[in-house]
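Residue numbers (mature numbering (1 follows the signal peptide of the UniProt record, and there is no 0)): -21 to -1, 1 to 987.
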C-alpha cells in the first residue's frame, strides 16, 4: 500500500493550501480531523460529519479550509433537512463569492432535492446554477433534472425548454420525449402528443402508460375505431381505476359512432371522477338507452341531470320529455319540455320543446301558467309556425277547460274572430257562475251581462239570461228578475239547459216575493205537477210556498191541502207545515180543529222553533172559544218556557186583556205593568200603557196612573199626538217605497222624539232602508238599538243584519254575541243555520278551534243546509284539525269537502288529498291529485304553488331528481308572492342538491 503524508493527501483531495515549514502539530491535527469529517460525509454520516466540520472551522483560521468546511456544513444541513439549510448555503455563497464550489453548491443542493422528490425545492436551486459553468457531461443531467422538476410542479413552459434540450440524448432522450408528449396531451395538443408518444411507444417502460394516453388521444382526435382497439387491448392489463377510464373511452367512442348497444355496457362501467359522474356522463348513457328504445332506463339517467345550462342539458331535457311521453308520463314530460323550451342553445329543439309543452299544458293543465297563456305564448313566439291552426283551436277550447275564467277573460279582450267571440260568451258566463257561487252577486251580474252581449250560442245565451235573473233575485231586484226569468222561458235554447227543469219554481218564488200570490200559486202548482218525486227537497219547499201563497190569499182550504202534501213528504220543515195547517183551520172557522191540531203540534214537535208561536196561537184561540182557564195555562207555559221569545210580551198583553175583560183590573194591571217595564218602547208596551190608562180612569186612580207613567221614559203623554203624526208621515213614505224621503223623515222623528212611542219601529225601518241601499255602516247603529231593547218582533232580523255587518268587517268578537243570541232566539230555521255557520267561522278566525268544530258539527247535523254551507263546515273541521295536529280527522273532513266544495275551497281540499297521499307514501297517486289541481283549479295560485312543492317531494321520493329540482326552481322563480311556499321550496331544493352532489360532480350544493 502506498503511504502518503497529510500534505499529499490534501493535494490529492484538491485542497490548495500553502503550507509553511513552520506548521505546528496542531495544524496537522486539524487536517486529520478534516479528513475524518470528509470520510464521514462520504459515508452519509451527515450529523457527525457536520459536527466535525464545524469543529475544524472553529479551530483553524485558514480561509480555504474554512470555505470548504462552510460548504460541507451547509451541504450536511440540506441532507439533514435542517430548518436553516437554505440560509447556510446562501451564506456560504455570500461569504466566499470566489469559491470554486459556488456552482457546485447550488447544483449539489438541487440534485439532492431532486433525488428525494422535492421538485419545487429542486427548481429553486437549479435556477441558481450557472449552466455555462457546468462541464458538458453534467449539462444533460442538469437539463433533464431541471426540466423534470419543472414538469412535476406543472411549470410546463420551463419544462419544455429544458427537456427539449435532451430530446436527442442517449440517456435522457426517451424520458424527455415522453414528458414533452404528456405535456402536449395535457395542453390538448393531441397531434404533437401523438407524435412524441409514437417515438417512445417501442420502449417497454412506457408501453403500459402509453396505451391509455394513445387510446384517449385517438378518441380526442376523432379516431374512434383506433381508440376502441387500443383501449380494449389495455383493459385486461389495467387496474380498477384505469379500467374505469378505458371503459369511458370505449363507451364514448361507440357513442360517437352511433353504435349505442355496444356503448351501453362500457358507459355503465365508468366509475366517474372521484366516484362521481357529471351531467354529460348521464346524458350519454341516457341517450344510448333512448336510441335503443329503452325509455325507462333513459329516464333514470336523464333525470339525474340537475341544473344543466348548456346544449347538452337542453338536448337531454328534450329527449327526457320524449321518453316520458313514450311512458305516458305527461306531467313529467311537461316539466322536461318546459325546461328545454327555456334554453336557446339549439333553436330547433327549443321550438319543438315549446310546441310539446303547449300541447301537454292543454291536455293535462299547468300549475305554472294557465293553458291559454302557454298556447298564446307559443303563437306569439312562433307566429309562422306550421302548427298555428292546431294551436289556435286548442287555445279557444282551453279558455273553457282550464276553468281559469278570470285570466281567460283578460286574454280574450280585444280578440275579434268569431271563434274568440264564442269563447268569450262562454268564459264570461262561467266566470259569472264562479262569482255567483262566491255570493258576489253584483260582479256576477256584470259577467252575465257581458256574456249576453255576445249571443253566439243559443244555449249559453239562455243560461246567462237565467243566471242574470238569479243574481237580480239575490239582490232583491225582483221586478228585473221576473223579466229575465220570463225571457229565459221563451228563448230557443232554454229547453236544452239544466236550468229549465226548475224555471217554474224560480218564477213562482219571484212572483211570491212580488206579492203576486195568484201567479206564484200558478207556477208552484206547475212545478209540482212536473217534478213528481225527482227532487223531494225542492218539491217539499214548493208545497210549503204554495201553501203560503194560498194562505196569504185567504184561500185556506187549498193552503191546508198544500201543507198536508208537504207533511206527507216528510222532507224538511214539516213542523212549519203542520203549524200553518192548524192556523188555516182557524181561519175557515174550525176553531176546535185548530185547537186540537195545535195541541198535537206542541206534543209531536217538542224541538220546533215554532213552539212559542203555537202556544201563543193556542192561547188566543182558547180565549176566542171562552176557554180562558186553558188559555191562561197556555200563555203561562209560553211565558215560563220561552222567556226570550218575541211572543212573551204579546202573551202577557193578552193575559192582561183577558183579565181586563173579566173586570179583574188588579191582575190586568200587573200584566200590563210587566209588559211596560220589561219591553219598553215595544208596540205591546205602548198598548199596555194605553189599556192601563183606561183601567186607572175607570177606577178613578188617575194620579196613580200619572205617577206610574212618569217612570216610563218612552212615554211623553203631552206630545202623543205630534209623536203619532210625525211617525205616520215617515211610515207612509216607507210604505210607498220612497226610500230617501222615508230615511229623512224617520231620522227627523228620532231626533225629535228620542223616547217616542214609535222609536223602536223607526230605528228598525230606517235600518232596513239603509241596508237595502248597501249602506250597512249607516244601518248598524239603528240595528244596535233594536237588539239592545227587550226582544220584539224586529229582534231576529236585526240580529241577523247587524251580525252580518260585523262579519263583513271581520269584527269577529262583536259578531259572536249577536250570533249566539240569534241561534237561541231565531224563529226561522235559516237564521239558526246562519248563526251557527258564522259562529263556526268566527271561532275559527279567533283560533278557538274546538268551538269552531263543535259549531261545524251542529251545522252538519241539520238536514236543511245547502252544499255551500256543508262545504264550509267540513273545511272548518279540516282546518281546525290541521291546526291542532289531528291529521286523521283533517283527512276525513277534506274527503267530505271534496264532495261538495267549489272554487278555492275545492282547490284546498284537492291539495290535501295530495298531501295525505304523500304522507302515506303513495307518491304517484299524490301526483295525480296535484295534476288534477293544476288542470281544474289553475286560477288558485297559492294551492298551485303548494301542490308543486308536494309534487317535487313525490318525484324525489320516486328517484326523479330532475323533476324534483326543476319544479322547485320553478316555484321559487314563479311564485315569489307566497313567501312561506318559496321558503319551503328553497329548503327542499338545498337538501336535494346537497344529496345529489355526492354522486354528480356537475351539481353544486346551494350556497357554494
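Note that the Cβ used here is the ideal one computed from N, Cα and C, for glycine as well.
So the candidates are 885, 730 and 866; which of them puts its Cα closest to the Cα of residue 850? 885
Are the Cβ atoms of residue 233 and residue 221 separated by less than 8 Å? no
Would the segment 446 to 465 and the segment 411 to 428 be scored as touching if the rule is three or more Cβ pairs under 8 Å? yes
Residue 144, buried or exposed, once every other Cβ within 10 Å from all chains shown has been counted against 16: buried
Hey, which unbroken runs of the alpha helix (DSSP H) at 4 residues or more fall wholly within the segment 377 to 451? 384 to 391, 397 to 416 and 420 to 431
Expressed to the nearest angstrom, what Euclidean distance is found between the alpha-carbon atoms of residue 84 and residue 29? 15 Å
Could you tell me which of 551, 948, 598 and 406 sits nearest to residue 562, measuring between CA atoms? 598
Between 285, 261, 142 and 259, which lies nearest to residue 973 when the distance is taken from Cα to Cα? 285
Which same chain residues end up closer than 6 Å to residue 824 when comparing Cβ atoms and leaving out the 5 residues on each side of it in sequence? 791
Own chain partners of residue 558 with C-beta closer than 7 Å, once the 5 adjacent residues on each side are dropped: 580, 589, 592 and 593
Using 8 Å as the threshold, is the C-beta distance between residue 46 and residue 78 below it? yes
Could you tell me the alpha carbon to alpha carbon distance between residue 469 and residue 578, rounded to whole angstroms? 48 Å
On the CB-based measure, 16 or more other CB atoms within 10 Å of its CB, does residue 1000 come out buried or exposed? Limits of the chain in this structure are -21 at one end and 987 at the other, which puts residue 1000 out of reach.
Using 10 angstroms around the beta-carbon of residue 115, count the other beta-carbons present and answer buried if the total reaches 16, otherwise exposed. exposed
Give the single residue among 575, 314, 879 and 570 whose Cα lies nearest to the Cα of residue 949. 314
Let me make sure I understand the geometry here. Which of 636, 596 and 610 has the alpha-carbon closest to that of residue 602? 610
Nonlocal neighbours in the same chain, by C-beta distance under 6 Å from residue 239, ignoring five residues either side: 267, 270 and 271
If you pair each beta-carbon of the segment 900 to 913 with each one of the segment 943 to 960, do three or more pairs fall below 8 Å? no
Give the DSSP-derived three-state secondary structure of residue 979 in the structure shown. strand
In the DSSP assignment, what are the bridge partners of residue 256? 979
Using alpha carbons as the reference points, say which of 582, 560 and 583 lies closest to residue 572. 560
May I have the straight-line CA-CA distance separating residue 64 from residue 56, to the nearest angstrom? 5 Å
Using a Cβ-Cβ cut-off of 8 Å, state whether residue 417 counts as contacting chain D. Of the protein chains in the structure, only one exists, and it is not chain D.
Does the separation of the CB atoms of residue 132 and residue 99 fall below 8 Å? yes
Between which two residues does the alpha helix (DSSP H) carrying residue 217 extend? It is not in any alpha helix (DSSP H) - residue 217 carries neither H nor E in the DSSP assignment.
Under a Cβ-count criterion, where at least 16 other Cβ atoms within 10 Å of its own Cβ denotes burial, should residue 752 be classed as buried or exposed? exposed
Counted within 10 angstroms of its Cβ, other Cβ atoms place residue 73 as buried (16 or more) or exposed: exposed
State the Cα-Cα distance for the pair residue 164 and residue 953, rounded to the nearest angstrom. 46 Å
At what residues does the alpha helix (DSSP H) containing residue 918 begin and finish? Looking at the DSSP string, residue 918 is not in any alpha helix (DSSP H), and its letter there is neither H nor E.
Between the beta-carbon of residue 53 and the beta-carbon of residue 68, is there less than 8 Å? yes
CB-CB under 7 Å to residue 565, same chain, minus the five flanking residues each way: which ones, in chain order? 573 and 600
Where does residue 323 fall in DSSP's three states? coil
As a quick exercise: from 596, 583 and 154, pick the residue whose alpha carbon is nearest that of residue 617. 596
Go ahead and label residue 2 buried or exposed: buried means 16 or more other beta carbons lie within 10 angstroms of its beta carbon, across all protein chains shown. With a pLDDT of only 44 at residue 2, under 50, the local geometry of the prediction cannot be trusted, and the value read off the model is given with reservation. That one is exposed.
Alpha carbon of residue 203 to alpha carbon of residue 236, nearest angstrom: 7 Å
Assuming residue 501 is part of the alpha helix (DSSP H), what are its boundary residues? 496 to 510
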